[in-house]
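Trainee: In my numbering, the protein residues as written are 1 to 211.
This structure is in structure tokens; I'll ask about it shortly.
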């Protein structure tokens, strides 16, 4: 009787501990960069929307990073971390879900270049911490305090946030609605975040946003 083809394990060169570590590190970086590239083209006012079809054949059009990544079946642990970062950003700030992934991907790309030049990972990590501290310092200097009683400033901020969304053409209507809604559910004296679970959005068939 003929036997089927057999597959033998390759006896390739064995990697040392440091080589395995370097190989694993590079694989992690490549996985994270791949996720970053998926959402990169949807970033900013000129970003493109993505058309996504889920397992139920339902089509979704969006440029929101968290929504795009939520629909992806990501298996690699490092790639999953970026998905979780985007999700955490969405919960904490409600925006910047694409930016946080793109920035992480860009930083890892720069780290890859440094690693290939032989710079130790510990030195790169220390450098990133210094950069983080400096970035926070600059952002703090650039920040402008906004009074919660200044409704017009809050509306302008909301309009800016909506500029890169699918509903940007209705920002003049939706921004005041969002601001007034949030101001009704928070305690100005104590709250630093709004609990969106206190907000109910009802969908009505027919008509337009203007209605």
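Here a beta-carbon is modelled for each residue, glycine too, at the ideal position from N, C-alpha and C.
Can you confirm whether residue 137, when its beta carbon is compared against all beta carbons of chain C, has any partner nearer than 8 Å?
Mentor: Reference to chain C is not applicable here, since this structure consists of a single protein chain.
Trainee: How long is the line joining the alpha carbons of residue 1 and residue 120, rounded to whole angstroms?
Mentor: Low confidence applies here, because residue 1 scores a pLDDT of 45, under 50, leaving its location unreliable and the question unanswered by this model.
Trainee: If I measure Cβ to Cβ from residue 146 and keep anything under 6 Å in the same chain, skipping five residues before and after, which residues do I get?
Mentor: Closer than 6 Å at the Cβ level, and outside the excluded window around residue 146, lie 153.
Trainee: From 166, 165, 129 and 183, pick the residue whose C-alpha is nearest to that of residue 155; which is it?
Mentor: The candidate whose alpha carbon is nearest that of residue 155 is 183.
Trainee: Which same chain residues, not among the five before or five after residue 61, have their C-beta less than 8 Å away from its C-beta?
Mentor: The answer, listed in chain order, is 49, 50, 51, 52 and 166.
Trainee: What distance in whole Å lies between the Cβ atoms of residue 114 and residue 32, which are believed to be in contact at a cut-off of 8 Å?
Mentor: Rounded, the Cβ-Cβ distance is 15 Å, inconsistent with contact.
Trainee: What residue range does the beta strand (DSSP E) around residue 50 cover?
Mentor: Here the beta strand (DSSP E) through residue 50 covers 50-53.
Trainee: Identify the residues that DSSP records as bridge partners of residue 62: which are they?
Mentor: According to DSSP, residue 62 bridges with 50.
Trainee: So residue 185 and residue 172 are supposed to be a Cβ contact under 8 Å. How far apart are they, rounded?
Mentor: 22 Å between Cβ atoms; not a contact.
Trainee: Go ahead and label residue 139 buried or exposed: buried means 16 or more other beta carbons lie within 10 angstroms of its beta carbon, across all protein chains shown.
Mentor: Exposed: under 16 other Cβ atoms inside 10 Å.
Trainee: Any heavy atom of the ligand MN within a distance shorter than 7 Å of the CB on residue 30?
Mentor: Ligands displayed in this structure: none; no statement on the ligand MN is therefore possible.
Trainee: Using only the alpha-carbon positions, how far apart do residue 54 and residue 189 sit?
Mentor: One C-alpha to the other measures close to 43 Å.
Trainee: Pull up the CB-CB distance for residue 39 and residue 101, whole angstroms please, since I reckon it's below 8 Å.
Mentor: Indeed, because the Cβ distance is near 5 Å, the residues count as touching under 8 Å.
Trainee: With residue 88 as the anchor, note down where its alpha helix (DSSP H) starts and where it stops.
Mentor: It spans 77-92 - the alpha helix (DSSP H) in which residue 88 sits, taken as one unbroken run.
Trainee: Straight-line CA distance for residue 207 to residue 170?
Mentor: Distance between the alpha carbons of residue 207 and residue 170 is about 14 Å.
Trainee: Would you mind working out which of 203, 161, 149 and 176 sits nearest residue 98, comparing C-alpha positions?
Mentor: The candidate whose alpha carbon is nearest that of residue 98 is 161.
Trainee: Report the three-state DSSP secondary structure of residue 150 (helix, strand or coil).
Mentor: If DSSP states are grouped into helix, strand and coil, residue 150 belongs with coil.
Trainee: The alpha helix (DSSP H) that contains residue 109, what's its start and end?
Mentor: Segment 97-116, the alpha helix (DSSP H) holding residue 109.
Trainee: Which of helix, strand or coil does DSSP assign to residue 185?
Mentor: It is helical.
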